[in-house]
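S.K.: Would you mind keeping the following structure in view while I ask a few things?
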Amino acid sequence: MNTGWVKPFICIKPDYYSNLKYATLKNKFSTMSENSKNKTEWPLWEVFYQPKDGKPFEHAGSIHAADSEMALQNARDTYARRNEGIAIWVVPSDQITASTTEDEEPFFDPADDKPYRHPQFYSTPRAVKKRK
Amino acid sequence: MSTTDIKPKTKVKLLVEMILRLADDRLIHGHRLSEWTGHGPELEEDLALANMALDMIGHAAALYGYAAGIEGKEDEDYYAYFRDDIDFKNVAMVELPKGDFAFTMARQFLFSAYSYFLYQKLIETVQDEQFNGMLQKHFKEIKYHLRHSREWILRLGDGTEESHKRIQGAFDEIWMYTGELFDLDEVDQSAIEQGLFVDVTTFKDEWKNLVNEVLEEATLDVPDDDQYMFSGARQGRHTEYLGRLLAEMQFLRRSYPDAEWK
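Note that the protein sequences, when read in sequence, are chains A and B.
Just so we're on the same page, our numbering is the position in the first sequence counted from 1, plus 312.
Just so we're on the same page, our numbering is the position in the second sequence counted from 1, plus 6.
See the structure below:
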């Protein structure tokens with residue numbers, strides 16, 4: 313039975329995964345958003361990890377998972393097995409609002425000719441240099 | 007029954023026997039998990055299963071290495087590759103075929119919960135620094151295995167009609183192999199008497215409570231303990247499945263003993 317286009321690497325899928333409903337666990341675990349609910353694959357999550365205490369979180373990649381706890385575990389198994397960091401965030405991919413290519417001009421171009429917005433644009437005063 | 011102090015040589019042998027019991031469980035279970043590699047239900051779960059397999063085989067390798075040191079054997083590979091099924095001391099639960107994903111997870115959960123309490127008690131008891139350090143390191147991974155499998159039990163049990171049916175069936179099927187986890191034979195008895203190993207029956211209730219709690223939350227029925235329970239694998243009376251597993255696992259090493267990674 314062909315139910316339409318399926319991403320190639322998720323083609324092996326016993327049917328008991330494809331329509332997990334989490335009847336009573338819904339409130340406890342599920343953060344599935346409306347538009348991913350009826351798809352035959354698990355929703356996508358973006359994974360961020362913190363390399364060290366106090367450092368900003370960095371984007372590691374993405375994974376599929378049915379809910380947030382499993383997303384955390386899948387993220388750990390995929391991206392945190394080799395001492396990469398000390399903390400992980402997982403965020404449903406469809407919760408991220410991203411700029412588009414159309415935004416490129418108004419968002420980023422104005423900065424093109426404004427090098428003076430970088431601190432490096434200014435020469436360091438002699439007195440400061442001396443102290444170094 | 008007046009002597010509690012037996013000859014050192016016997017005591018060493020007893021310790022090795024107990025370490026091998028611990029290690030064989032992990033090697034055979036790890037091998038069964040490794041059979042999922044490339045066959046996982048999802049890419050991410052495929053990785054998770056392979057990771058757990060690696061963890062468990064790693065635990066076994068470290069324990070074999072420790073036993074080899076005690077026995078003065080050159081190579082810990084001997085334990086994995088050159089013993090026959092009758093010499094393996096693992097419980098039957100871990101040698102059963104991997105089954106479907108539900109069966110694999112039911113076994114993982116029951117065995118990880120058992121390992122969790124066993125390692126907790128061992129860490130409190132074991133005096134040897136090297137052995138204890140090893141146990142502490144492995145305990146962290148066991149906690150993760152328990153967490154991962156527990157989450158799956160909840161989701162499969164309280165998921166769809168099909169997933170519920172499969173995971174309930176898995177627990178019903180595997181239940182007769184849970185009794186053996188807490189069996190004590192003479193070897194166990196004397197190891198406990200000499201302070202070499204912990205008494206597994208001391209945490210049976212804790213294990214039972216945890217299992218009951220999770221199964222209940224997963225809307226599953228806890229199978230009846232009052233049924234035929236398999237026993238004897240620790241003493242070498244295995245199911246037919248172990249021989250086949252070993253045939254595959256040991257073949258290369260036995261047929262080409264000098265084979266090397268190039």
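Glycine residues also receive a C-beta, built at the ideal position from the N, C-alpha and C atoms.
Remember, it's a predicted structure, so these values are computed and weren't measured experimentally.
Per DSSP, what are the beta-bridge partners of glycine 75/B in this structure?
M.R.: Locating residue 75/B in the second sequence gives position 69, where the first residue counts as 1. Answer is none; glycine 75/B lacks a bridge partner.
S.K.: So, at 7 Å on beta carbons, what are the nonlocal neighbours of tyrosine 120/B in its own chain, with the 5 sequence-adjacent residues on each side left out?
M.R.: Counted from its first residue, the second sequence places residue 120/B at position 114. Counting only Cβ-Cβ distances below 7 Å, and skipping sequence neighbours, we find Leu187, Trp213.
S.K.: Asparagine 395/A touches chain B at which residues, Cβ-Cβ below 8 Å?
M.R.: As a position in the first sequence, residue 395/A is number 83, starting the count at 1. Within chain B, no residue comes near asparagine 395/A; the closest Cβ sits about 13 Å away, beyond 8 Å.
S.K.: So, at 7 Å on beta carbons, what are the nonlocal neighbours of tyrosine 428/A in its own chain, with the 5 sequence-adjacent residues on each side left out?
M.R.: Here residue 428/A is taken as the residue at index 116 of the first sequence, counted from 1. If we look at tyrosine 428/A and ignore the five residues flanking it on each side, it has no Cβ neighbours.
S.K.: Given this structure, state the Cα-to-Cα distance separating aspartate 269/B from alanine 439/A, to the nearest angstrom.
M.R.: In this structure chain B extends from 7 to 268, so residue 269/B is not present and cannot be described.
S.K.: Counting only beta-carbon atoms, is aspartate 311/A nearer than 9 Å to chain B?
M.R.: Because chain A is modelled from 313 through 444, residue 311/A falls outside the range shown and cannot be assessed.
S.K.: Are the Cβ atoms of leucine 20/B and leucine 202/B separated by less than 9 Å?
M.R.: Taking the first residue of the second sequence as position 1, residue 20/B is located at position 14. Taking the first residue of the second sequence as position 1, residue 202/B is located at position 196. Yes, these two residues count as a Cβ contact at 9 Å.
S.K.: From the beta carbon of threonine 412/A, is the nearest beta carbon of chain B less than 9 Å away?
M.R.: Start at 1 with the first residue of the first sequence, and residue 412/A comes out as number 100. False, the Cβ-Cβ gap to chain B never drops below 9 Å.
S.K.: Could you give the first and the last residue of the continuous alpha helix (DSSP H) run that contains tryptophan 213/B?
M.R.: By 1-based counting over the second sequence, the position of residue 213/B is 207. Here the alpha helix (DSSP H) through tryptophan 213/B covers 210 to 223.
S.K.: What would DSSP say about isoleucine 398/A, mapped onto helix, strand or coil?
M.R.: What you label residue 398/A is simply residue 86 of the first sequence in a count that begins at 1. Here isoleucine 398/A sits in coil by DSSP.
S.K.: What would DSSP say about serine 405/A, mapped onto helix, strand or coil?
M.R.: Along the first sequence, read from residue 1 onward, the residue named residue 405/A stands at position 93. Of the three classes helix, strand and coil, the one that applies to serine 405/A here is helix, per DSSP.
S.K.: Could you pull out every residue in the same chain whose Cβ sits closer than 6 Å to the Cβ of glutamate 179/B, ignoring the five residues on either side in sequence?
M.R.: Along the second sequence, one-based indexing puts residue 179/B at 173. Around glutamate 179/B: no qualifying Cβ.
S.K.: Alpha helix (DSSP H) containing tryptophan 158/B: first to last residue?
M.R.: Residue numbering aside, residue 158/B sits at position 152 when the second sequence is read from its first letter. From DSSP, the alpha helix (DSSP H) with tryptophan 158/B extends over 135 to 163.
S.K.: Could you tell me whether the Cβ of glutamate 358/A comes closer than 9 Å to any Cβ of chain B?
M.R.: On the first sequence, position 46 is the one that residue 358/A refers to. So no, glutamate 358/A is outside the interface.
S.K.: What are the residues in the stretch 127 to 154 of chain B lying within 9 Å of chain A by C-beta distance?
M.R.: Cβ contacts with chain A: Tyr150, Arg153, His154.
S.K.: Any contact between the stretch 91 to 111 of chain B and the stretch 33 to 46 of chain B? By contact I mean 3 or more CB pairs, one from each, below 8 Å.
M.R.: Touching, yes, given that three or more Cβ pairs across the two stretches are closer than 8 Å.
S.K.: When you compare each of Asp421/A, Thr436/A, Gln407/A to valine 359/A by their alpha carbons, which one comes out closest?
M.R.: Taking the first sequence and counting its residues from 1, the one referred to as residue 359/A is at position 47. Closest option to valine 359/A, Cα to Cα, is Gln407/A.
S.K.: Report all residues from its chain with a CB closer than 8 Å to the CB of glutamate 23/B; omit the five preceding and five following residues, and keep chain order.
M.R.: Position 17 of the second sequence holds residue 23/B. Here the set comprises Lys95, Val193, Ala197.
S.K.: Please state whether the Cβ-Cβ distance between tryptophan 354/A and alanine 372/A is less than 9 Å.
M.R.: Within the first sequence, residue 354/A is the residue found at index 42, counting from 1. Within the first sequence, residue 372/A is the residue found at index 60, counting from 1. In this structure, alanine 372/A does not lie closer than 9 Å to tryptophan 354/A by Cβ.
S.K.: Any C-beta of chain A sitting closer than 9 Å to the C-beta of asparagine 218/B?
M.R.: Reading the second sequence from its first residue, position 212 is the one you call residue 218/B. No, asparagine 218/B lies away from the interface with chain A (no Cβ there is under 9 Å from its Cβ).
S.K.: Would you say the stretch 404 to 421 of chain A touches the stretch 64 to 79 of chain B, given that touching needs at least three Cβ pairs under 8 Å?
M.R.: No, the stretch 404 to 421 of chain A does not touch the stretch 64 to 79 of chain B.
S.K.: Check the Cβ of glutamate 157/B against every Cβ in chain A and list those closer than 8 Å, keeping chain order.
M.R.: Mapped onto the second sequence, residue 157/B falls at position 151. Here the neighbours are Glu381, Met382, Gln385.
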